[in-house]
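In what follows, a single structure is set out as structure tokens and then discussed.
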Amino acid sequence: MSPWLFAPRVTRSLLAGLFFLFTVGLIASAADISDLAPVVTHDNSKPAGQLKDGVLTLRLEIKEGAWHPDADDAPGIPALTVAEEGSAPSIPGPMIRVPEGTRIHAFLKNPQLFPVVLHGLHQRPGDAKDVVTVNPGETKELNFLAGAPGTYFYHVTCFASVPMDALSTGDTTMTGAFIVDGSGAPTDDRVLVIGLWYNWLVPFDFGHGFHEILTMNGKSWPHTTRLSYTVGDTAHWRVINASLAVHPMHLHGAYFRVDSAGNGESEIIYSPPQQRLAVTELMQPGRTMLVSWTPTHAGNWIFHCHLAFHFDLDLANAAAEVMGAATDSNHQHHNPSGMAGLVVGIAVRPQETNLAEARPKPPQRQLTLTISQNPPAPNSTRRCIRVELRDGATVAAPVHGSELGPPIILYRGQPTEITVVNKLANPTAIHWHGIELESYYDGVPGVGGDSRQVTPPIAPGESFIAHMTPPRAGTYIYHTHWHDLDQLTTGLYGALVVLEPGEKYDPEHDRVFVVSRAGGNLFKDAMLVNGSTEPAAAQLRVGERYRFRFINITPNDDEVVFSLLDGEKLTSWQPRAKDGADLPEFYRKSCEAKLKFGAGETYDFDFQPQRAGKLTLQTNFITFRTVVPIDVVEVRDVSRN
Numbered sequence: 004m005s006p007w008l009f010a011p012r013v014t015r016s017l018l019a020g021l022f023f024l025f026t027v028g029l030i031a032s033a034a035d036i037s038d039l040a041p042v043v044t045h046d047n048s049k050p051a052g053q054l055k056d057g058v059l060t061l062r063l064e065i066k067e068g069a070w071h072p073d074a075d076d077a078p079g080i081p082a083l084t085v086a087e088e089g090s091a092p093s094i095p096g097p098m099i100r101v102p103e104g105t106r107i108h109a110f111l112k113n114p115q116l117f118p119v120v121l122h123g124l125h126q127r128p129g130d131a132k133d134v135v136t137v138n139p140g141e142t143k144e145l146n147f148l149a150g151a152p153g154t155y156f157y158h159v160t161c162f163a164s165v166p167m168d169a170l171s172t173g174d175t176t177m178t179g180a181f182i183v184d185g186s187g188a189p190t191d192d193r194v195l196v197i198g199l200w201y202n203w204l205v206p207f208d209f210g211h212g213f214h215e216i217l218t219m220n221g222k223s224w225p226h227t228t229r230l231s232y233t234v235g236d237t238a239h240w241r242v243i244n245a246s247l248a249v250h251p252m253h254l255h256g257a258y259f260r261v262d263s264a265g266n267g268e269s270e271i272i273y274s275p276p277q278q279r280l281a282v283t284e285l286m287q288p289g290r291t292m293l294v295s296w297t298p299t300h301a302g303n304w305i306f307h308c309h310l311a312f313h314f315d316l317d318l319a320n321a322a323a324e325v326m327g328a329a330t331d332s333n334h335q336h337h338n339p340s341g342m343a344g345l346v347v348g349i350a351v352r353p354q355e356t357n358l359a360e361a362r363p364k365p366p367q368r369q370l371t372l373t374i375s376q377n378p379p380a381p382n383s384t385r386r387c388i389r390v391e392l393r394d395g396a397t398v399a400a401p402v403h404g405s406e407l408g409p410p411i412i413l414y415r416g417q418p419t420e421i422t423v424v425n426k427l428a429n430p431t432a433i434h435w436h437g438i439e440l441e442s443y444y445d446g447v448p449g450v451g452g453d454s455r456q457v458t459p460p461i462a463p464g465e466s467f468i469a470h471m472t473p474p475r476a477g478t479y480i481y482h483t484h485w486h487d488l489d490q491l492t493t494g495l496y497g498a499l500v501v502l503e504p505g506e507k508y509d510p511e512h513d514r515v516f517v518v519s520r521a522g523g524n525l526f527k528d529a530m531l532v533n534g535s536t537e538p539a540a541a542q543l544r545v546g547e548r549y550r551f552r553f554i555n556i557t558p559n560d561d562e563v564v565f566s567l568l569d570g571e572k573l574t575s576w577q578p579r580a581k582d583g584a585d586l587p588e589f590y591r592k593s594c595e596a597k598l599k600f601g602a603g604e605t606y607d608f609d610f611q612p613q614r615a616g617k618l619t620l621q622t623n624f625i626t627f628r629t630v631v632p633i634d635v636v637e638v639r640d641v642s643r644n
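Residue numbers for the sequence shown follow the working numbering, so the first one is 4 and each next one is one higher.
Structure representation (structure tokens):
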């Protein structure tokens, strides 16, 4: 989480509020927003400037414009942008893309009434302190070699140089991609620039004083660029977090391989033994990554930030308020997915040789997941959701006092049918997070499926049958994908564990720890482990090997920490898997028992206690701390009990 969030309340209120009013005043004082040139958004498919004889000549300037992050005819806001001279204001800024060895000859003109600071337009690898100040009315010239191949970006700040996680309102719209292609490297990738504009006039007030606009390449869902592939294609994405926030980016229906990662100034390119798989990757402010993936199932899919604030429809309604539109704007009525903000749609076509509709395999196992409303506990008005799992004659329900659905145990390669029964008063939908399955069953209403059938919400009193044949064993999540934060924070989630064929689930040695929240407020609502603020103590045996499965299904906690402590000292464990995929041997080395992970991520570790005693497994976020006491005993001690 950004240190900016922990600035003194008054300081942050004044800085954010005054800067917002100042920049908007500068832009809009001379003319109504309708008189400003419209901002052009683009998908980073066309490089800027003129490349000739190994030299890229590029002329940029700071321009104000009317930005429409939703529909082009929806309300807009005044914004500062970086544009090519003689061209329209642009969000994101013009993409700089050159082959390795190119010399860049660039100019930045500042016609504004205040100084600006240019970051990142220099040779790579570089130094974040290498910035250029351009005073009002001034033009600065830059001449440098592009440097090492990689995924980078540049950005401009007003008045002074500030780090990415402390961008002010006016700074957030002045960023652009800077790509250096290695010799012979493919250039058919897509460049995705994450943006976040904010108006935090009342910090820590997540109501009317808190407005964010989340974008990908300058647009918010459902107006983001749609990507299109065919089953079997290899897709390459360069993802740039040019925002001040952390984003756990989640891909539905498939794994991606992380090929490189960078901080905007330098990049680590992973060798094959270092490349790992993920379905959710935590991106800090200013971080970049190059990922590759192959669609295996046709249909409609999404790639989105897993923080609820960043992809929920309420976000769009709040943004509409700050842009002067009513929250019942007609533009929102055409968005049946209930999503907004940082979401990218992906359409995957079937291969020409397999155009027939995919039919699920006959189920070898049938489960029923029934969702209902629990009455409030004694002396409480809080109503929690009850999730009941039926497997033949066996019924599993939440542990008394826990806000956690029962674990679902599946088997690799076994066709399974899960009937979800909705006994709530409102619609719902269940997403099988990390499972590779057909789009229609993935659990995204209004999006999943294809032109022949679109995934519906599960209406009250109705049911939906999901078919899946998990292709790999691992740790996954099931959770609501309906745009109702209360469902996620009152128990509509749980662990989904896929075992190898013939393997028996052993809860004694296979321990699941699910971290969640009792509400959506980062600073007020309790942090839960396995559905409780006081999770049950665990008992382990000396010398025996345990698998710890960690799941983060918090709604808005960008970076939760788990630590396994012996007194005040960290113990050690061995990484095993991430997001259900086994880690390469490169990562499977004993390390300190500390995990930082974001919403939507899962991690597995192997742990073998070496001596009897007391351990503490604790989770932390901001000021919250929840503890699981662990008693490690000798085997002979257990036999006496």
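Think of the CB as a built atom: it goes at the ideal place given N, C-alpha and C, for glycine as much as any other residue.
Anticipated Cβ contact below 8 angstroms, residue i with residue j, distance rounded
{"i": "Phe259", "j": "Asn559", "result": "Not quite, the Cβ-Cβ distance comes to about 23 angstroms (not below 8 angstroms), so this is no contact."}
{"i": "Leu440", "j": "Gly256", "result": "7 angstroms"}
{"i": "Arg127", "j": "Asp192", "result": "That belief does not hold up - the Cβ atoms of Arg127 and Asp192 are roughly 17 angstroms apart, past 8 angstroms."}
{"i": "Ala238", "j": "Trp200", "result": "That belief does not hold up - the Cβ atoms of Ala238 and Trp200 are roughly 28 angstroms apart, past 8 angstroms."}
{"i": "Ile480", "j": "Glu420", "result": "In fact, because the Cβ distance is near 19 angstroms, the residues do not count as touching under 8 angstroms."}
{"i": "Trp576", "j": "Asp528", "result": "29 angstroms between Cβ atoms; not a contact."}
{"i": "Pro578", "j": "His470", "result": "Incorrect: roughly 32 angstroms between the Cβ atoms, too far for contact."}
{"i": "Gly583", "j": "Gly494", "result": "In fact, because the Cβ distance is near 22 angstroms, the residues do not count as touching under 8 angstroms."}
{"i": "Val42", "j": "Gly179", "result": "Not really, about 13 angstroms apart at Cβ, beyond 8 angstroms."}
{"i": "Ala350", "j": "Asn425", "result": "Rounded, the Cβ-Cβ distance is 28 angstroms, inconsistent with contact."}
{"i": "Ile412", "j": "Val500", "result": "5 angstroms"}
{"i": "Gly265", "j": "Gly153", "result": "6 angstroms"}
{"i": "Glu67", "j": "Pro81", "result": "6 angstroms"}
Residues that DSSP places opposite residue i in a beta bridge
{"i": "Trp435", "result": "Tyr481"}
{"i": "Ala109", "result": "Leu61, Leu145"}
{"i": "Phe259", "result": "Ala281"}
{"i": "Asn670", "result": "Given that the chain is displayed from residue 4 to residue 644, the structure contains no residue 670 and the question cannot be resolved."}
{"i": "Gln287", "result": "Its beta-bridge partners do not exist; DSSP assigns none."}
{"i": "Thr44", "result": "Ile94"}
{"i": "Ala396", "result": "Looking at the DSSP assignment, Ala396 forms no beta bridge with any residue, so it has no partner."}
{"i": "Arg241", "result": "Val194, Leu293"}
{"i": "Cys161", "result": "Val119"}
{"i": "Arg552", "result": "Val515, Asp607"}
{"i": "His253", "result": "Thr283, His307"}
{"i": "Ala520", "result": "Correcting the residue identity first, residue 520 is Arg in this sequence and not Ala. Bridge partners of Arg520: Met530."}
{"i": "Gln354", "result": "None; Gln354 has no bridge partner."}
{"i": "Ala469", "result": "Ile421"}
{"i": "Gln577", "result": "Asp609"}
Alpha-carbon to alpha-carbon, residue j and residue i
{"i": "Leu392", "j": "Ser535", "result": "20 angstroms"}
{"i": "Asp76", "j": "Ile65", "result": "24 angstroms"}
{"i": "Ile197", "j": "Leu217", "result": "8 angstroms"}
{"i": "Pro206", "j": "Asp168", "result": "Because the pLDDT at Pro206 is just 41, under 50, the model does not fix this residue reliably, and the value given afterwards should be weighed accordingly. If I take the Cα positions, the gap works out to 15 angstroms."}
{"i": "Leu308", "j": "Val183", "result": "Inspection of the sequence shows that residue 308 is occupied by Cys rather than by Leu. Those two C-alpha atoms are separated by around 26 angstroms."}
{"i": "Ala69", "j": "Leu59", "result": "29 angstroms"}
{"i": "Ile633", "j": "Leu531", "result": "17 angstroms"}
{"i": "Gly616", "j": "Ser566", "result": "17 angstroms"}
{"i": "Gln542", "j": "Val638", "result": "11 angstroms"}
{"i": "Arg450", "j": "Val517", "result": "Here residue 450 is Val; the residue named in the question, Arg, does not match the sequence. So the alpha carbons of these two residues sit roughly 28 angstroms apart."}
{"i": "Tyr496", "j": "Leu116", "result": "52 angstroms"}
{"i": "Ile556", "j": "Gly89", "result": "47 angstroms"}
{"i": "Ala540", "j": "Arg514", "result": "12 angstroms"}
{"i": "Ile99", "j": "Ser454", "result": "37 angstroms"}
{"i": "Ala163", "j": "Thr233", "result": "46 angstroms"}
{"i": "Thr478", "j": "Ala498", "result": "7 angstroms"}
{"i": "Ile433", "j": "Asn113", "result": "50 angstroms"}
{"i": "Val294", "j": "Thr483", "result": "27 angstroms"}
{"i": "Thr422", "j": "Gly173", "result": "49 angstroms"}
{"i": "Thr458", "j": "Gly52", "result": "44 angstroms"}
{"i": "Trp645", "j": "Pro473", "result": "The question about residue 645 has no answer here: the residues shown for the chain are numbered 4 through 644."}
{"i": "Trp485", "j": "Pro363", "result": "24 angstroms"}
{"i": "Val282", "j": "Glu588", "result": "19 angstroms"}
{"i": "Glu355", "j": "Gly235", "result": "11 angstroms"}
{"i": "Pro3", "j": "Pro463", "result": "Absent from the model: residue 3. The displayed extent of the chain is 4 to 644, so no value can be given."}
{"i": "Leu285", "j": "His122", "result": "23 angstroms"}
Cβ of residue i within 8 angstroms of any chain D Cβ
{"i": "Pro409", "result": "Structure shown: chain D not included; a single protein chain is present."}
Q) Taking three-plus beta-carbon pairs below 8 angstroms as touching, is the segment 247-255 in contact with the segment 218-235? A) no
Q) Using 8 angstroms as the Cβ pair cut-off and three pairs as the minimum, do the segment 509-527 and the segment 443-456 touch? A) no
**Q.** Contact between the segment 541-557 and the segment 592-605 (3+ Cβ pairs under 8 angstroms)
**A.** yes
(Q) Does the structure place the segment 100-109 close enough to the segment 141-150 that three or more beta carbon pairs sit under 8 angstroms? (A) yes
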